[in-house]
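A short worksheet on the structure shown next.
Protein chains: 2
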Amino acid sequence: MTRLYDDPATFTEDMVTGFVAAHPQHVRRVPGGVVRSRPARAGKVAVVTGGGSGHYPAFCGVVGPGFADGAVIGNIFTSPSAADAHSVARAADRGAGVVFSFGNYAGDNMNFGLAVERLAREGVRAHNVVVTDDVASAPAEEQAKRRGVVGDFVVFKVASAAAEEGYDFDEVVRVAEHANARTRSLGVAFDGCTLPGQDHALFEVPEGRMGLGLGIHGEPGVSETPMPSASELAKTLVDGVLAEAPAEGGRVTAILNGLGATKYEELFVVWGTAARLLAEAGVEVVAPEVGELVTSLDMAGCSLTLTWLDDELERLWLAPADTPAYRRGTIESSTSDVEVEDVVPVEQEVVVAPEAGQATSGVVAGALRAVADLLRDNEDEFGRLDAIAGDGDHGRGMTRGSAAGAEAAETAAGQGVGPSAVLLEAGDAWASKAGGTSGVLWGAALRSFGDLLPDDREARAADLVAGADAALASVQRLGRAELGDKTLVDALVPFVDELRAAVGEGVGGVAAWRRAATASTKAAAATAQLRPRTGRARPLAERSVGTPDPGATSLALVLTRVGELIERGGEDQ
Amino acid sequence: MTRLYDDPATFTEDMVTGFVAAHPQHVRRVPGGVVRSRPARAGKVAVVTGGGSGHYPAFCGVVGPGFADGAVIGNIFTSPSAADAHSVARAADRGAGVVFSFGNYAGDNMNFGLAVERLAREGVRAHNVVVTDDVASAPAEEQAKRRGVVGDFVVFKVASAAAEEGYDFDEVVRVAEHANARTRSLGVAFDGCTLPGQDHALFEVPEGRMGLGLGIHGEPGVSETPMPSASELAKTLVDGVLAEAPAEGGRVTAILNGLGATKYEELFVVWGTAARLLAEAGVEVVAPEVGELVTSLDMAGCSLTLTWLDDELERLWLAPADTPAYRRGTIESSTSDVEVEDVVPVEQEVVVAPEAGQATSGVVAGALRAVADLLRDNEDEFGRLDAIAGDGDHGRGMTRGSAAGAEAAETAAGQGVGPSAVLLEAGDAWASKAGGTSGVLWGAALRSFGDLLPDDREARAADLVAGADAALASVQRLGRAELGDKTLVDALVPFVDELRAAVGEGVGGVAAWRRAATASTKAAAATAQLRPRTGRARPLAERSVGTPDPGATSLALVLTRVGELIERGGEDQ
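These protein sequences, in sequence, are chains C and X. Going by my numbering, the first sequence opens with residue 1, and the numbers climb by one from there. Going by my numbering, the second sequence opens with residue 574, and the numbers climb by one from there.
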């Protein structure tokens, strides 16, 4: 279990502080993560990795010459925000664009996707290479749905070495995707890990049993079996990965990775047999790694990753690197001679809105403050709901996000901007501070809703319908959840439907909102009957039946509170 | 817990097989351990590390240019044998002698000490640098009694870099001892580790508590405290090490080391505060390491090591190295161009003994075979006794050692050599296969006893007394145990005393032996009342009260069985 921490709420911050203090030669801190302490030469394509933390040396441990230019650091097992990814990318960019590479998880896809969009708006070329190496997480014909696990390490390394060699943007993307297409992993778990400050493991594997294909955050696996011997496990892993080989025989590189509590000596015992089995299968292994490259705190388990090499991939895999946690050969430094440059923040232009828009801004900022108070008061309850099937951080995430959103909204409203600008600022701040999947969805929903609010007149009922429609559309585009998947979509769709229906019947905006909030509350309660479509470990998904979804519950509560506020606002006027 | 293994009895062998398979560029296997895959240039002083395994990357993970020339690999937490150390040293020697460096543990001191003596007899210069950095294991005025923990890593690195730079033998020894004198460590443990194939942890720390100063094999610590926060722990470690500083302020290098289950993120959180506290104390930190450098399987805990640097130590610490688990900078390879040379085994000359000596050899070989059978039949019982206060491997060690001893004795007797040569071979084989402390003691006892047996006439009662006296002397010289320390000495001293008394009274050799064996059996049983002088964790030392010492018990059983055999031999004649 994770035993050493000061405040669980600042664990990741504290970790980064110590990490940067230990490795000042390699990394420096920027908002959202770290970049190389000395930037690469101008004109080099930047490779930025990232994701939730708790996987050291992935991802911040591989920043340095020959490897990544930067790493975006989320909270433990939680996607960093789009603002984090954007910030690190801006600091890492050397004028030739930024290739993000990360494992295939919903929150990361959303946040890095938003960062790419924002960078594009700013004229910075950016692209996401999503790693999908875990053969246990989806069938071969749905490779794009597979999770990214230790294959991350190979893909990052290859892409980074290509950029170091002087590949242009398109070529770095090509070779990174090529490496991903030729990489397969299969993992097993023997015991879950605990998050800082928690008493219980995030998930459990029964004693004497092994979860085959269990994800590194406890996502569902393939099966549960009795604990095998080291040789049996080697055979399971080698057979499982070779069954998905993209090529016959050939040359591979291999990573036998320990997740944290499965130690080096055990890994070497397994590797002894795995190396023999690979040789017997006619597979030549080049420069394997046996150790801890992608951990999950103190999780017990290991995985085998094979990447089928061609001459290009082999050269890039063997290329030198010099980072805090991974060094190989002699790096002909690509470091520039320039001193560290501070990232010039992009100045936002303040456009003062007409009086009607400023009035709406005031209502919006007041509502966000009230929502923040409401969520803070309910933090424990949401945490309790989330702990049943998740990692228990929903309450904290909502509190942090809404507080930051309210503060940003108040500041913006104080500058006299209109409601769309207020909600843009509030959404960015919310997503940035909340982190994770719900943070990015709330941030996007606020921004999309705000886009449809007029700056030059009072908002009408039809504006609310249009805004709610837009918010739902961005939540579904980013989150890819459908009705019935036990997410906040289950409370948002009934809200939008009822709002549209009521306004269509001629009901006023305030009354329509309240009717819609009631429908949302009912629907949120009904999520108790559902099972999550994709959840964490299967036992937890089962366990969640009978408990309403925390995301749907908090959404309905917020919508109800906003309804009360705009009604009172209406009465006041 | 250690979950992955095939046969616990061959765990270390299997681990080395996988390790060498993963790192053929760095290491090759030799009897007793590994050496660099390409030898260093001729004339370089060889630095050889070693000890029990279970501490990866210590010790075999740091073999390579810039670091060690070889590592002697014992079984888990068990000293390698003198033959292992000798073998690795011969393979690593490049004509300028061998500096062994290892942590201060009884078994390692004995076995490396014997290896140095044997190398000296063969004309190879050798010296032991014993690391004593653990401030919790003995007071400052008894520094030589302190255990070696993570300070090993610094001392090995500095000595290796000095040898790489071309220091001569005396200078490598000088700088290694200088590094040890300026190195201090303090460690804590939160939970014990389990050995392969065992259900229970080797020792335990109660939940929510911390063992301050607990050794990496569970040796007694300073105190037990409630679990601190990360900041409190940082302060405890920094204050504890600084209290023993050999210099005011100054420059240090630091290692914040995780023992296996205390993970990188936690270590970085602790390091953030430790780095600040060191700076506040006016201590400048150069190139610290935060990670897993000396583990104890999956033990939970960590330690802080500081080495006060001068210009020489700083240069050597920062010097490049290229090994499986530790790489730094660019190594100007000191590797020779020669292909790997096989070690030429030292041929033993066979000296055929007169008939009387050959007859004694036959009796000795027969007795050793009977002893091996006896010990095999009692393996479980000795394992059970040892599990109460030790690591439960006494039964297995005795079975392996005695079987190897019997086989070597039979081979030697078949060649017609005398009893001293038979017991020399048997002792070497026993020590080599049994490993650990009892292995080296039994090996030395057999050799010393054999030295006093005549080759040219029948052995007499006085020869037995002289042989037993010599065996006791070597056991006490090597093991440094006194009567009452709850070791095999408690059964050996009464045996020798009674044997001498009986022979002095004119009793014949066979009857005197039986009387002495009876005294030994009684004394072995009486060890149940004793507490070990130095044991493993304090709770285990306490727990052993009421149980006889397994080493004393097995010795008395063997002496009794030998008495029966020589009596029957006498009757037969």
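Where a beta carbon is used, it is the ideal one built from N, C-alpha and C, also for glycine. Note that the structure is predicted; figures quoted are calculated from it, not measured.
Between the options, which lies nearest to residue i when the distance is taken from Cα to Cα?
i, options, result
"histidine 773 of chain X", "X/Ala981, X/Gly1136, X/Pro1121, X/Met574", "X/Met574"
"serine 1127 of chain X", "X/Ala999, X/Gly956, X/Arg1104", "X/Gly956"
"valine 645 of chain X", "X/Gly670, X/Ala615, X/Thr585", "X/Thr585"
"threonine 1133 of chain X", "X/Val778, X/Ala873, X/Trp1086", "X/Trp1086"
"proline 1105 of chain X", "X/Gly1057, X/Gly1081, X/Asn682, X/Ala1125", "X/Gly1057"
"aspartate 1036 of chain X", "X/Gly1016, X/Gly1077, X/Asp1001", "X/Gly1077"
"valine 589 of chain X", "X/Val621, X/Phe640, X/Pro630, X/Ala613", "X/Pro630"
"arginine 576 of chain X", "X/Gly606, X/Gly605, X/Pro638, X/Gly770", "X/Gly770"
"alanine 688 of chain X", "X/Ala1064, X/Ser1093, X/Val1048, X/Ala1004", "X/Ala1004"
"lysine 263 of chain C", "C/Met299, C/Ala9, C/Val20", "C/Met299"
"alanine 189 of chain C", "C/Ala179, C/Glu177, C/Gly301", "C/Gly301"
"phenylalanine 102 of chain C", "C/Glu280, C/Arg118, C/Ser53, C/Asp93", "C/Ser53"
"arginine 969 of chain X", "X/Phe841, X/Gly989, X/Glu1140, X/Asp946", "X/Asp946"
Against chain X, does residue i count as a neighbour if the rule is that its beta carbon must be under 8 Å from one of theirs?
i, result
"serine 79 of chain C", "no"
"leucine 453 of chain C", "no"
"arginine 209 of chain C", "no"
"arginine 327 of chain C", "yes"
"glutamine 573 of chain C", "Reliability fails at glutamine 573 of chain C, whose pLDDT of 37 lies under 50, so the model's placement of it is uncertain and no value is given."
"methionine 398 of chain C", "no"
"phenylalanine 11 of chain C", "yes"
"serine 333 of chain C", "Unreliable positioning characterises serine 333 of chain C in this predicted model, as indicated by a pLDDT of 49, which lies under 50. The coordinate reading is nonetheless provided below. Not an interface residue."
"aspartate 14 of chain C", "yes"
Counting only Cβ pairs nearer than 7 Å, list the residues of chain X close to residue i.
i, result
"valine 283 of chain C", "Those within 7 Å of valine 283 of chain C in chain X number zero; the least Cβ separation is about 14 Å."
"threonine 330 of chain C", "Thr903"
"serine 53 of chain C", "Glu838"
"aspartate 377 of chain C", "Those within 7 Å of aspartate 377 of chain C in chain X number zero; the least Cβ separation is about 28 Å."
Answer with yes or no whether the minimum CB distance from residue i to chain C is below 8 Å.
i, result
"arginine 888 of chain X", "no"
"alanine 803 of chain X", "yes"
"tyrosine 578 of chain X", "yes"
"methionine 683 of chain X", "no"
"phenylalanine 841 of chain X", "yes"
So which residues of chain C does residue i contact, with C-beta pairs closer than 8 Å?
i, result
"lysine 836 of chain X", "Thr2, Tyr56, Gly260, Thr295, Leu297, Asp298"
"alanine 848 of chain X", "Gly18, Ala21, Ala22"
"aspartate 1063 of chain X", "Residues of chain C passing the Cβ test: none, with the nearest at roughly 34 Å."
Quick one: list the residues of chain C neighbouring residue i, beta-carbon separation under 7 Å, in chain order.
i, result
"tryptophan 844 of chain X", "Gly18, Ala21, Ala22"
"proline 861 of chain X", "Ala22"
Which chain X residues are close to residue i, counting only those with a beta carbon under 9 Å from its beta carbon?
i, result
"leucine 233 of chain C", "Leu577"
"aspartate 380 of chain C", "Simply none; closest approach about 22 Å."
Hey, could you find the ends of the beta strand (DSSP E) residue i is sitting in?
i, result
"phenylalanine 100 of chain C", "98 to 103"
"valine 129 of chain C", "126 to 131"
"phenylalanine 156 of chain C", "Unbroken run through phenylalanine 156 of chain C is the alpha helix (DSSP H), 151 to 165; no beta strand (DSSP E)."
For a contact meaning CB atoms closer than 8 Å, what does residue i contact in chain X?
i, result
"methionine 227 of chain C", "Arg576"
"phenylalanine 153 of chain C", "Here the premise fails: no neighbours, minimum Cβ distance about 15 Å."
Show which residues of chain C have a CB atom less than 9 Å away from the CB atom of residue i.
i, result
"aspartate 707 of chain X", "Near aspartate 707 of chain X there are no residues of chain C at all, since even the closest Cβ is about 20 Å away, more than 9 Å."
If contact is defined by three or more beta carbon pairs under 8 Å, each pair taking one atom from either stretch, is the stretch 117 to 125 of chain C in contact with the stretch 291 to 305 of chain C?
When Cβ pairs closer than 8 Å are counted between the two stretches, the stretch 291 to 305 of chain C is seen not to touch the stretch 117 to 125 of chain C, the count staying below three.
Residues of the stretch 747 to 775 of chain X whose Cβ lies closer than 7 Å to any Cβ of chain D, in chain order
This model lacks chain D altogether; the protein chains it does include are C and X.
So does the stretch 887 to 907 of chain X actually touch the stretch 650 to 668 of chain X, counting three or more Cβ pairs closer than 8 Å?
In short, these stretches do not touch, since the Cβ pair count stays below three.
If contact is defined by three or more beta carbon pairs under 8 Å, each pair taking one atom from either stretch, is the stretch 746 to 757 of chain X in contact with the stretch 877 to 885 of chain X?
In short, these stretches touch, since the Cβ pair count reaches three.
Inter-stretch contact (C-beta, 8 Å, three-pair minimum) for the stretch 1016 to 1025 of chain X and the stretch 944 to 951 of chain X
Using a Cβ-Cβ distance cut-off of 8 Å, the stretch 1016 to 1025 of chain X and the stretch 944 to 951 of chain X are not in contact, since fewer than three pairs of beta carbons, one from each stretch, lie closer than that value.
Looking at C-beta atoms only, is the number of pairs between the stretch 678 to 696 of chain X and the stretch 1003 to 1012 of chain X that lie closer than 8 Å three or more?
Touching, yes.
Touch test, the stretch 61 to 70 of chain C against the stretch 214 to 234 of chain C, Cβ-Cβ under 8 Å, three pairs minimum
Three or more beta-carbon pairs separated by less than 8 Å are not found between the stretch 61 to 70 of chain C and the stretch 214 to 234 of chain C, which leaves the two stretches without contact.
Are at least three pairs of beta-carbons, each pair with one atom in the stretch 546 to 553 of chain C and one in the stretch 486 to 495 of chain C, less than 8 Å apart?
Yes, the stretch 546 to 553 of chain C touches the stretch 486 to 495 of chain C.
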